[in-house]
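Quick note on numbering: the sequence shown equals residues -20 to -1, 1 to 250 in mature numbering (1 follows the signal peptide of the UniProt record, and there is no 0).
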Amino acid sequence: MPSRLVFAVVLLALGLPLQAQEPGQSGSSTATETASHGAGHGRRGRGPKRLMLANGEGAVIRLWRPDLSSVILRPEHGSVTLSPTGMEGLHALVVQRDWGDGEETLLRYLDLRGKPTGHSPRDLLAVAKSRFEIVPDPQPREHRRYRSGEEWGFLLRFDNRPVAGVAVTLTTAQGTRLDAVSAADGSVEFTLPDDFPRLVEGVKDGRSAGFQVSAVYRHQQLEYRTSLDADYRVDPRHWRSSGWGVAVASLGLVAGGLVGRRIRRREGVQ
């Protein structure tokens, strides 16, 4: 049986522990689409996705729906198929492994298409999906993304109650590591690293990469490990130069002045 450290390290080494591919795509492609994870985590899709989980033997995989119902996904040959649930909105994919003397949880939020349910994403975020979990606080909305250089908050909960004084680590697929400690209300904040290599200033860069926020909590001689998995994108300020904004504003002022001058001349005013 692999040790729990190998389980965590292997998942992190992939950059994105849970990967999905459209039917017909190669699973080894670096352009593999992550599991339909919108709401700040990627594109939204209607078709089924195949999710690859490294070293997941013995793990229980559960998909939570927007109406707070859930279903267990059965892995086959190291992968599971995520079919459309017919519900619009935020879903949660939870992978758990019981070690006997503790539990390890990996969680990823997905935004899937379907029919509106009338449930807010806050409903799913509020419900306990494991004993120890890390919750986005706030969760990026549909058209919002995690981006490098931005500060984002997360909340640590055990049995759905905030946990203070816990060491928390954020690690990116680029190899950056940040450390923090949860506050009295269980909250922790990180500024996502601006660590994408080979950036060219002024040139749009649509790359994304994975990051994990993870922590370990000990309770009654049991050890609980949890990780929240998500994507972040390149900070658009690398190509949205403030100089262009000033230039556009200046052109607007010049054009406005010319128009005003023509109107005054028509009215006989100099």
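We put the CB at the ideal spot given by N, CA and C, even for glycine.
{"Asked": "DSSP-derived helix/strand/coil call for His99", "Found": "coil"}
{"Asked": "Cβ contact check for the region 165 to 181 and the region 83 to 102: 3 or more pairs under 8 Å", "Found": "no"}
{"Asked": "Val168 beta carbon near the ligand ADP (any heavy atom closer than 7 Å)", "Found": "With respect to small molecules bound, the structure shown includes none, and the ligand ADP cannot be examined in it."}
{"Asked": "Simplified DSSP assignment, three categories, for Pro142", "Found": "strand"}
{"Asked": "Straight-line Cα distance separating Asp209 from Pro120", "Found": "13 Å"}
{"Asked": "Whether Leu73 touches Leu43 by CB criterion (8 Å)", "Found": "yes"}
{"Asked": "Identified DSSP bridge partners for Arg187", "Found": "Per DSSP, none; premise fails for Arg187."}
{"Asked": "Proximity of Phe138 and His199 at Cβ, strictly below 8 Å", "Found": "yes"}
{"Asked": "First and last residue of the uninterrupted beta strand (DSSP E) at Trp79", "Found": "Neither: Trp79 is in no beta strand (DSSP E) and is coded neither H nor E."}
{"Asked": "Chain B contact for Gly166 (CB, 8 Å cutoff)", "Found": "Checking the listed chains, one finds no chain B in this structure; it contains a single protein chain."}
{"Asked": "Inter-residue spacing [alpha-carbon to alpha-carbon] between Ala108 and Asn140", "Found": "5 Å"}
{"Asked": "Three-state secondary structure (DSSP) of residue 310", "Found": "The structure shown has nothing for residue 310, since the chain only spans -20 to 250."}
{"Asked": "Straight-line gap, His99 to Arg93 (C-alpha atoms, nearest Å)", "Found": "14 Å"}
{"Asked": "Exposure of Gln192, with buried meaning 16 or more beta-carbon neighbours within 10 Å", "Found": "buried"}
{"Asked": "Run of the beta strand (DSSP E) containing Arg42, from where it starts to where it stops", "Found": "40 to 44"}
{"Asked": "Candidates Glu37, Leu104, Lys95: closest to residue 290 by CA position", "Found": "Limits of the chain in this structure are -20 at one end and 250 at the other, which puts residue 290 out of reach."}
{"Asked": "Beta-bridge partners of Ser194, as assigned by DSSP", "Found": "Thr149, Ser207"}
{"Asked": "Local Cβ density within 10 Å of Val161, reported as buried at 16 or more and exposed below that", "Found": "exposed"}
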